[in-house]
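A quick write-up on the structure given underneath.
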Amino acid sequence: MFLPLVLLDLLLIGRVATTYEPGFSAPIANVTAPLGREAVMACTVHNLSTYKVAWLRVDTQTILTIHTHVISRSRRIGVTHSDHRTWFLHIRELRETDRGWYMCQINTDPMKSQLGYLDVVVPPDILDRGTSTDQTVREGASISITCAATGSPHPQITWRREHSKTITVSDGIQVTSLEGPVLNITRVNRQHAGAYLCIASNGVPPTVSKRIMLTVEYPPIVTIRNQLVGAVLGSDLVLECETEAYPKPVSYWSRENGEIVPIGRGLEPQKIAGSYRTILRLPIRRITSSDYGAYKCVSKNSLGDSEGTIKLYPMPSPAVDNNNVVQRLNIVADKSSDSTPFGTQDFRLQDYNRGAWKDSFHFSLLSSLVLVTYVVTSWTFI
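Per mature numbering (1 follows the signal peptide of the UniProt record, and there is no 0), the sequence shown runs over residues -18 to -1, 1 to 364.
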């Protein structure tokens, strides 16, 4: 009878001891924090009594804190608690090397512990090494532009063009953006020229980008909108041509005999340049007969040359009155005459010399008739 009572007492004592033994109230939550900020990991315990809580770095087996004391020599490590129930490990000015597993430990026998993971996220950064610089390529060639970036998580690379222009890929397909670290362009043409943006993002602000300029080289192209230009003696006009090329071409005006048009004496070549296009203007003031003829707009660069021709021809004055000869010239495409509020307008070159002679003859005849009528009337009265 005595032995069973002793065994019952021992069991009850064991249960009480087990009931009041320290332990963990909840698992340690994993923590994610950005580089350079502060991370706080929490370990919640119960029935701590005289036992102590310690924080350790698992991979290096380094003791960071014991109870309220900081063991680590790093000034970035700290420890706080809330009523000895929740113990907080503070890691300030986070570094990438702080990423890993951390252990919260109670010094029971045997020891009790649990783990929590600290993830340090790093905003994206585009690397100079491995990323293309500004590129220059001949028209018709192929090119690959690369973009290398780091960060945690690993960044995603997106390619876009400046000013929301589309990117032309194989088979002439146009897209607004492309994913991947390499942008491949086959058979480059001048429409591919411009700025491309390599954008790196991983969900950790800020998103970063790099601007890569693509320059396309091609020989000059000369465009002339009006190849025949008429002008009256003494008038002013401006001849104009447009050139497009890269590298920047040397452009000038010349006459049909190859002589370069000199600056001065009313001939003033002007260039209005853009990035690839140049408008070349040649004002001619107070036109003389020697100014008529062909003018060449010539453009040359290291890849080739091109030219276009404008022919300047004389036009009669709109009205000339000399020795009863009146000429009128109105030039309208595909029309010989047209009706206006003031009558019919004739667009043909007309010579009024014969008409003027007929008018003079009719006037003389009319005058003679009036004179004869006057003489006859006077004779009758007599």
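Heads up, the beta-carbon is just placed ideally off N, CA and C, and yes, glycines get one too.
- When only Cα atoms are considered, Ser126 and Arg120 end up about 13 Å apart.
- Taken in chain order, the whole beta strand (DSSP E) runs of length 3 or more contained in the segment 82 to 133 are 82 to 88, 94 to 108, 117 to 120 and 125 to 128.
- Listed in chain order, the non-local C-beta contacts of Gly82 below 8 Å within the same chain comprise Arg39, Val40, Asp41, Tyr99 and Leu100, local neighbours out to five positions each way being set aside.
- At the C-beta level, Val22 and His72 come within 8 Å of one another.
- The beta strand (DSSP E) runs lying completely inside the segment 262 to 305 and spanning 3 residues or more are 275 to 283, 286 to 296 and 301 to 304, given in chain order.
- Straight-line spacing of the CA atoms in Val204 and Glu224 works out to 6 Å.
- Counting other Cβ atoms within 10 Å of its Cβ, Val104 reaches 16 or more and is therefore classed as buried.
- Here the segment 210 to 224 makes no contact with the segment 153 to 172; the two share fewer than three CB pairs at distances below 8 Å.
- DSSP places Val61 inside the beta strand (DSSP E), whose first and last residues are Ile59 to Ser64.
- Taken atom to atom, the span from the alpha-carbon of Leu264 to that of Trp235 is near 8 Å.
- For the pair Glu78 and Trp141, the Cα-to-Cα distance works out to about 28 Å.
- Judged by beta-carbon spacing, Gly240 lies beyond the 8 Å limit of Met297, meaning their Cβ atoms are not closer than that value.
- For Gly60, the closest C-alpha among the options His66, Val52 and Arg67 is that of Val52.
- Assignment of Thr79 by DSSP, reduced to helix, strand and coil, places it in the helix class.
- If you look at Arg143, you'll find it in the beta strand (DSSP E) that goes Gln138 to Arg143.
- Contact between Pro9 and Gln96 is confirmed by a C-beta separation of about 6 Å, below the 8 Å threshold.
- Distance from Asp107 to Val190 at the Cβ level is roughly 6 Å; contact confirmed, criterion being Cβ atoms closer than 8 Å.
- Lys192: member of the beta strand (DSSP E) spanning Val190 to Thr205, first to last residue.
- The three-state reading of DSSP puts Gln43 in coil, since its state is none of H, G, I, E or B.
- Judged by DSSP in its simplified three-state form, Gln173 adopts helix.
- Bounds of the beta strand (DSSP E) holding Ala21 are Ala21 to His28.
- Between Pro201 and Ser288, the C-beta spacing is below 8 Å.
- In terms of CA proximity to Asn12, Phe70 leads the group Phe70, Arg57 and Ala36.
- A direct Cα-Cα distance of roughly 14 Å separates Thr90 from Trp37.
- In this structure, the CA atom of Lys94 is about 7 Å from the CA atom of Gly5.
- For the pair Asn184 and Gly133, the CB atoms are nearer than the 8 Å cut-off.
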